[in-house]
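Data block below; observations after.
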Amino acid sequence: MSGSILDFVPLWTGILGLGVCLYVLLDGFDLGVGILFGFMPDTASRNLVMNSIAPIWDGNETWLVLGGIGLLAAFPLAFAIIIPAVYFPILVMLLALVFRGVAFEFRYREADHRTFWDYGFGIGSTVATFAQGVVLGAFIQGFKVEGRHFAGSSMDFLTPFSLLTGVALLFGYGLLGAGWLVLKTEGPLQAQARRLGRLCLIGVVLGIGAVSIWTPLMDADIARRWFSWPNIAFLAPVPLLAGVTTLWAWRAFGGKAEATPFIAGILLFLLSFLGIAISLWPMIVPHRYTLWEAAADPNTQAFLLVGTLFLLPVILMYTGWSYWVFRGKVRADEGYH
Amino acid sequence: MTLDPVVLSRIQFAWVIAWHILLPAFTVGLASFIAVLEGIGFLTGREIWQRISTFWTRIFAVSFGMGVVSGVVMPFQFGTNWSRFSDIAANVISPLLSYEALTAFFLESAFLGVLLFGRKKVPAWAHLVAAVMVAGGTLFSSFWILSTNSWMQTPAGFEIIDGRFFPKDWMAIIFNPSFPYRLLHTVAAFYVTTAFVVLSVGSYLVRGGQFAAEGRIMRLLALGFLSLMVPLQMVLGDAHGLNTRDHQPAKLAAIEARWETERRVPLTLFAIPDEAAETNRYAIEIPLLGSLILTHEWDGEIKGLKDFPREDRPPVAVPFFAFRIMVGIGILMLGIVALGWVQWLRDRFEAPWFLRLCQYSVPLGFIAVLAGWTTTEVGRQPWTIYGLLRTAHSVTPSLTGADVLISLLAYAGTYLVMFSAGLLLLRRLVRKGPAPGTSPVEGGRPRQPVTAAPDMGGDRP
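Line by line, the protein sequences are chains A and B.
Taking my numbering as reference, the numbering of the first sequence is continuous, increasing by one, and the terminal residue is 337.
Taking my numbering as reference, the numbering of the second sequence is continuous, increasing by one, and the terminal residue is 1461.
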C-alpha cells in the first residue's frame, strides 16, 4: 500500500486487454477449427485440418493461462470475485480443454479411422467455446457481491443471456476457424471452409445483433453510455464499422481472397471487444468495482511491469517466428491413399 | 454426512496437483535429456543419437501434452476454490506466477512446435536451439512455481495490512528461506525420476534385442548420471531437512512423530502414530540416530508436537509414512546404482535378472516425488501460508459442499480417462522402439496426413 505517484492501472488494463484479445483471436481460431472439424467430409480432410493447428495450438492456449494469472496479478479482487461466480462454466471449459488438448497426441496413432479422440477433439472444442461464451455473458450481467466476495450461488451464471452469448461465441470462433482454414488449405477443403464461414457469419451477425439490443435494455447505464448525446456521435462508428466489416467478410468468403476472410473475422472480433469495453468501462466487476478499486498494490504492479514490458515483445517475436516456420498451405502427401 | 467444502476442495486440489506433478517430474528431466542428445547428435553427426532423441521426443510430446492440459487447470483452482487465499495473498504471489507464464510457458510451447514438427523446416542448429529453449523453459517454470510454493511454506519479505499480504522486499519473497533447498531437491528429484525411466526403457530395449544398441547407450547414460545424482540428492535432502527443522519445526515433529521435545532422540524406523493419545505404538527405534541425522549432533534437540497447540499441528501419520516411503525409495535407488557398478565390474551388466530389475524400477522416481510432495504439503497444514493463514480460511466463501463434490467427481472421471489413455499410448510408443526411418513428426507439410505419426513412411533427413 505504498503511495505511488505513478498510476499503472491504465497500462495494466491495456496489457490485460491485449492478452485477452490475443487469447480470443489465437485460441479462438484453433477452437473454431475444432468446432468445424466435425463437419469435415472425410478422414483425410480431418487429418489435414488438425495438422493446420497442431504446431501452434499449445502456444495459443498459453494466453488463457496468462489471462487468468494476469487478472490475478493486475486486478486480484476481480479474480477473487469473478472466478468463483463462474465456477461451473470454468470447470466445464477446463475439462473440455483437457479432452481437446490431448486429442492432438492421442488420435494420430489411429488417424485412419474415427476414434474416441476425434469426438474428444470436436466436442471438446465446441463445449469449451460455449463455456467461454457463458462466462462472458455472466460477466457482462454482473454478480452478487458482498464486501470482497461473490455472494450468490454457483448456479447464478445460468441465464438466457449467458446461454445466448455461449451460442454466439460458437459462431464467432467458427468464423475465425473458417478464416484460418481458407488461409491454410486449398481445393474442395477450402471451398467447404468458405461455405461454413458464411454460415458462421450469419450466426455471428444474429448474435452480435441480439447482444447489442439486449444489453442496453438490461442495463440503463449501458443504454445511457451509448445513446446519450454526444456519446452517440462518437460511438456510432463502432456499429457502423461492424456492419461494413460484415459485408466485407461475406464477400471475402464468397470470392477468391485467401487471407481476407481471416482478417475480416479478426476485425469483427476486435470491434465486438471494443463494444463490450465501451459498455463496461471503467468497471472490472460490473456494477461493483472499478479497475482502480480492484487493482493490485502499486508495488506489485510495478514489479511485474518491469519484466512484462521486456518479456512480452520477446514472446511476440518468437511466437511470430514459430508461425513463420509453419507458414503456407498444409498439404497431405499425395501417395498416402 | 455433511459435505464440507474445505475438505472437498483440499481433496480436489490434491487430486489435480498429484496427477499434474507426475508430468513435470518426467518432462523437466526429459527436456534436458533431449537437449543433450540433440547436442551430441549435432556435434558428432552420428545418426544413432538423432534416432534416440527422436524416440524420446515422441514420448516427450505425449507427456508434455498431458502436462499442458492438466497444468492449465491449476491457476484456475486458485480462483474457483481458494478465492479468499487469492484475495489475501495475490499482491505477493501473483507476480511469481505471472513470471512463470511469461518466462516459461510461452518459451516451452512456441519452441516445442519447432522441436516436434520442424526438423525439416529449420536448419539443424535452430532445431537444437529449440530443444535447448524447451529444456530452459521447464527449468524456469520449476524456479517460479517452487518459489511460490516455498513462500507459502516459509513466508518472508511481506507485511500484513487489514488481513491481506503486501510485498516489502521482492528478493526476500522470491529467495525465501526454504526456496533454494526446495528448488534443488525437487529438480534433482525430477532428474532422477527421468533417469530411472531412461534406465528402465533402455533395459527393456536391450532385452528385446532389436534395438539393443540404442538401449545400451540409454542404460550407460542413465546409470552414469544416477551415480552422481542419487548420492547428491541424498545430500540435498539432508540439507532440506535441516532447513525444515529451523523454519517449520511442527512439520519436522510430524515427519518424525516426535511428541516430546528432547535431546539424544532415537531414529524411529516404524511406528503407528496415535494422535488422540499423543504417542506412538509398535515403535521400532534406533537410539541416538535421530538427533544425529536431524541435527548433525549426538545430543541435538528436536521439538515435539506437544509444544504446539493441537489446532496448530499438522496430521502426523500422513507425513510420517510419506517421508519413510520417500527415504526408503531413495535407499533402494542407491542400492540399484551400486548394484549396477558391481554388475559392470563383473562384466555382467546385461545379466537377464539385472535387466529385468532395471526395467521394473520405472515407477520409483514417481512414487518418491509424490511421497515427498505429500510430506511437505500435508506437513504444512493446517496452514496455506505457514503460521499466518489457515487452510480453513482460504476457501471460496460462496461454495457449497455439493458444488465441490460435483467438480471433484468430474475431475476424477476426466483424469482417470485421460491418464489411462496416455499411459497406454506411452507404453505403445516404448514397445515400438526407436525404429529407424521413422521421422516422428512433420507438421506443416507432412508426408503423412497425421499430426505426429512416426510409423508411416518418411525417411530421416
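Backbone N, C-alpha and C define an ideal beta-carbon position, used for all residues, glycine too.
Subject >> Distance, GLY1067 of chain B Cα to ARG1182 of chain B Cα >> reply: Stepping through the second sequence from its first residue, residue 1182 of chain B is reached at position 182. Stepping through the second sequence from its first residue, residue 1067 of chain B is reached at position 67. Approximately 21 Å between the Cα atoms of the pair.
**OP:** With DSSP as the reference, please indicate the residues paired to TRP1383 of chain B in a beta bridge.
**Re:** Taking the second sequence and counting its residues from 1, the one referred to as residue 1383 of chain B is at position 383. Note: TRP1383 of chain B sits in a beta bridge opposite B:ARG1390.
**OP:** Can you tell me which of the three DSSP states PRO41 of chain A falls into?
**Re:** What you label residue 41 of chain A is simply residue 41 of the first sequence in a count that begins at 1. Coil, per DSSP.
Subject >> Distance, TRP324 of chain A Cα to ASN231 of chain A Cα >> reply: Along the first sequence, read from residue 1 onward, the residue named residue 231 of chain A stands at position 231. Along the first sequence, read from residue 1 onward, the residue named residue 324 of chain A stands at position 324. C-alpha separation (whole angstroms): 42 Å.
Subject >> Neighbouring residues, chain B, relative to LEU304 of chain A (Cβ below 7 Å) >> reply: As a first step, residue 304 of chain A must be located in the first sequence, where it is residue number 304. Simply PRO1095 and SER1098.
**OP:** Return the first residue and the last residue of the beta strand (DSSP E) that GLU1108 of chain B is part of.
**Re:** Your numbering for residue 1108 of chain B matches position 108 in the second sequence. No beta strand (DSSP E) holds GLU1108 of chain B; the alpha helix (DSSP H) holding it covers 1106 to 1117.
**OP:** Determine the closest residue to ILE1284 of chain B out of B:ILE1272, B:ALA1276, B:LEU1294 and B:GLU1278, with distance taken between C-alpha atoms.
**Re:** Reading the second sequence from its first residue, position 284 is the one you call residue 1284 of chain B. Ranking B:ILE1272, B:ALA1276, B:LEU1294 and B:GLU1278 by Cα distance to ILE1284 of chain B puts B:ILE1272 first.
**OP:** Give a yes or no on whether 9 Å exceeds the smallest Cβ distance from HIS149 of chain A to chain B.
**Re:** Here the question's residue 149 of chain A lines up with position 149 in the first sequence. Chain B places a beta carbon closer than 9 Å to that of HIS149 of chain A, counting this residue as a contact.
**OP:** Report the three-state DSSP secondary structure of HIS1127 of chain B (helix, strand or coil).
**Re:** Translated into the one-based positions of the second sequence, residue 1127 of chain B becomes position 127. Three-state result, HIS1127 of chain B: helix.
Original post:
Are any of the Cβ atoms in chain A nearer than 9 Å to that of THR1103 of chain B?
Top reply: Taking the first residue of the second sequence as position 1, residue 1103 of chain B is located at position 103. Output row for THR1103 of chain B: interface = yes.
Original post:
Is ILE1052 of chain B closer than 9 Å to MET1218 of chain B when the C-beta atoms are compared?
Top reply: Within the second sequence, numbered from 1, the residue matching residue 1218 of chain B stands at position 218. Within the second sequence, numbered from 1, the residue matching residue 1052 of chain B stands at position 52. Yes, Cβ-Cβ distance for MET1218 of chain B and ILE1052 of chain B is below 9 Å.
**OP:** Could you work out which residues of chain A lie near PHE1078 of chain B, taking near to mean beta carbons separated by less than 7 Å?
**Re:** As a position in the second sequence, residue 1078 of chain B is number 78, starting the count at 1. In chain order: LEU72.
Subject >> Beta-carbon proximity check, PHE88 of chain A vs PHE171 of chain A, cutoff 9 Å >> reply: Here residue 88 of chain A corresponds to residue number 88 of the first sequence, with the count starting at 1. Here residue 171 of chain A corresponds to residue number 171 of the first sequence, with the count starting at 1. It is not a contact, given that the beta carbons lie outside the stated cut-off.
**OP:** Could you tell me whether any Cβ in chain A is nearer than 9 Å to the Cβ of LYS1121 of chain B?
**Re:** Taking the second sequence and counting its residues from 1, the one referred to as residue 1121 of chain B is at position 121. Yes, because at least one Cβ of chain A sits closer than 9 Å to the Cβ of LYS1121 of chain B.
**OP:** Examine chain B for any beta-carbon lying closer than 9 Å to the beta-carbon of PRO286 of chain A, and answer yes or no.
**Re:** As a working mapping, residue 286 of chain A is identified with position 286 in the first sequence. No, because no Cβ of chain B sits closer than 9 Å to the Cβ of PRO286 of chain A.
Original post:
In the DSSP assignment, what are the bridge partners of ARG1164 of chain B?
Top reply: Stepping through the second sequence from its first residue, residue 1164 of chain B is reached at position 164. According to DSSP, ARG1164 of chain B bridges with B:ILE1161.
**OP:** Please classify ALA1277 of chain B: does DSSP put it in a helix, a strand, or coil?
**Re:** Position 277 of the second sequence holds residue 1277 of chain B. Here ALA1277 of chain B sits in coil by DSSP.
Original post:
Which residues of chain A have a Cβ atom closer than 7 Å to the Cβ of ARG1150 of chain B, listed in chain order?
Top reply: In the second sequence, counting from the first residue as 1, residue 1150 of chain B sits at position 150. For clarity, residue 1150 of chain B is Ser in the given sequence; the question names Arg instead. Correct list: empty, because the minimum Cβ distance to chain A is about 18 Å.
**OP:** Within its chain, find whatever has a CB closer than 6 Å to the CB of LEU1399 of chain B; leave out the 5 residues flanking it on each side and keep chain order.
**Re:** Numbered from its first residue, the second sequence carries residue 1399 of chain B at position 399. If we look at LEU1399 of chain B and ignore the five residues flanking it on each side, its Cβ neighbours are PRO1005.
**OP:** Over the uninterrupted alpha helix (DSSP H) stretch that includes VAL1316 of chain B, give me the two end residues.
**Re:** Walking along the second sequence from the start, residue 1316 of chain B turns up at place 316. Counting along the chain, VAL1316 of chain B falls outside any alpha helix (DSSP H), and DSSP gives it neither H nor E.
**OP:** Could you spell out where the alpha helix (DSSP H) holding VAL1417 of chain B opens and where it closes?
**Re:** What you label residue 1417 of chain B is simply residue 417 of the second sequence in a count that begins at 1. Taken as a continuous stretch (DSSP letters only), the alpha helix (DSSP H) holding VAL1417 of chain B covers 1401 to 1432.
Original post:
Would you say ARG1431 of chain B reaches chain A, if we count a Cβ-Cβ gap shorter than 9 Å as a contact?
Top reply: As a working mapping, residue 1431 of chain B is identified with position 431 in the second sequence. Among the residues facing chain A, ARG1431 of chain B is not included, as its CB has no counterpart in that chain under 9 Å away.
Subject >> Own chain residues within Cβ distance below 8 Å of ILE1021 of chain B, not counting five before or after >> reply: Here the question's residue 1021 of chain B lines up with position 21 in the second sequence. Correct list, in chain order: VAL1369, LEU1370 and TRP1373.
**OP:** Answer with buried or exposed for PRO1352 of chain B, where buried requires no fewer than 16 other C-beta atoms within 10 angstroms of its C-beta.
**Re:** Counting from one through the second sequence, the residue named residue 1352 of chain B turns up at place 352. Per the 10 Å Cβ criterion, exposed.
Subject >> DSSP beta-bridge partners of LEU1267 of chain B >> reply: Within the second sequence, numbered from 1, the residue matching residue 1267 of chain B stands at position 267. BP columns for LEU1267 of chain B point to B:ILE1286.
**OP:** Could you list which residues in chain B have their beta carbon closer than 7 Å to that of PHE106 of chain A, in chain order?
**Re:** Here residue 106 of chain A is taken as the residue at index 106 of the first sequence, counted from 1. The contacting residues are ALA1421 and LEU1425.
**OP:** Take PHE1064 of chain B and list the residues in its own chain whose beta-carbon comes closer than 7 Å to its own, dropping the five residues that flank it on each side.
**Re:** On the second sequence, position 64 is the one that residue 1064 of chain B refers to. Once the five neighbours on either side are set aside, the close Cβ partners of PHE1064 of chain B are THR1027 and LEU1112.
**OP:** Please check if any C-beta of chain A sits within less than 9 Å of the C-beta of ASP1403 of chain B.
**Re:** Sequence index remark: in the second sequence, residue 1403 of chain B carries index 403 (1-based). Chain A contact via Cβ: present.
Original post:
From the DSSP output, which residues share a beta bridge with GLY283 of chain A?
Top reply: Taking the first sequence and counting its residues from 1, one reaches residue 283 of chain A at position 283. Correcting the residue type first, residue 283 of chain A is Met in the shown sequence and not Gly. MET283 of chain A is bridged by DSSP to A:THR290.
Subject >> ILE53 of chain A, DSSP secondary structure in three states >> reply: By 1-based counting over the first sequence, the position of residue 53 of chain A is 53. In the structure shown, ILE53 of chain A sits in coil (DSSP, three-state: anything other than H, G, I, E or B).
Original post:
By the criterion of Cβ-Cβ separation under 7 Å, what are the contact partners of VAL9 of chain A in chain B?
Top reply: Numbered from its first residue, the first sequence carries residue 9 of chain A at position 9. Going along chain B, no residue has its Cβ under 7 Å from VAL9 of chain A, so there is no contact; the nearest lies around 14 Å.
**OP:** Grab me the residues of ALA1018 of chain B's own chain with a C-beta within less than 7 Å of its C-beta, minus the 5 sequence neighbours each way, in chain order.
**Re:** Taking the first residue of the second sequence as 1, we reach residue 1018 of chain B at position 18. Only LEU1370 meet the Cβ criterion.
Original post:
How big is the Cα-Cα spacing for TRP1144 of chain B and HIS1185 of chain B?
Top reply: Position 144 of the second sequence, counting from 1, holds the residue named residue 1144 of chain B. Position 185 of the second sequence, counting from 1, holds the residue named residue 1185 of chain B. Using only the alpha carbons, I get a separation of about 15 Å.
Original post:
With a CB to CB cut of under 6 Å and the five nearest residues on each side skipped, what residues in its chain are close to GLY1365 of chain B?
Top reply: Against the second sequence, residue 1365 of chain B aligns to sequence position 365. So the list reads VAL1192, THR1193 and PHE1196, once near-sequence residues are dropped.
**OP:** State the Cα-Cα distance for the pair MET1229 of chain B and LEU316 of chain A, rounded to the nearest angstrom.
**Re:** Position 229 of the second sequence, counted from the start, is the residue given in the question as residue 1229 of chain B. Position 316 of the first sequence, counted from the start, is the residue given in the question as residue 316 of chain A. A straight line joining the alpha-carbon of MET1229 of chain B with that of LEU316 of chain A spans about 37 Å.
Subject >> Among A:VAL86, A:ARG224, A:LEU176 and A:PRO298, the one whose alpha carbon lies nearest that of ASP30 of chain A >> reply: As a position in the first sequence, residue 30 of chain A is number 30, starting the count at 1. Ranking A:VAL86, A:ARG224, A:LEU176 and A:PRO298 by Cα distance to ASP30 of chain A puts A:LEU176 first.
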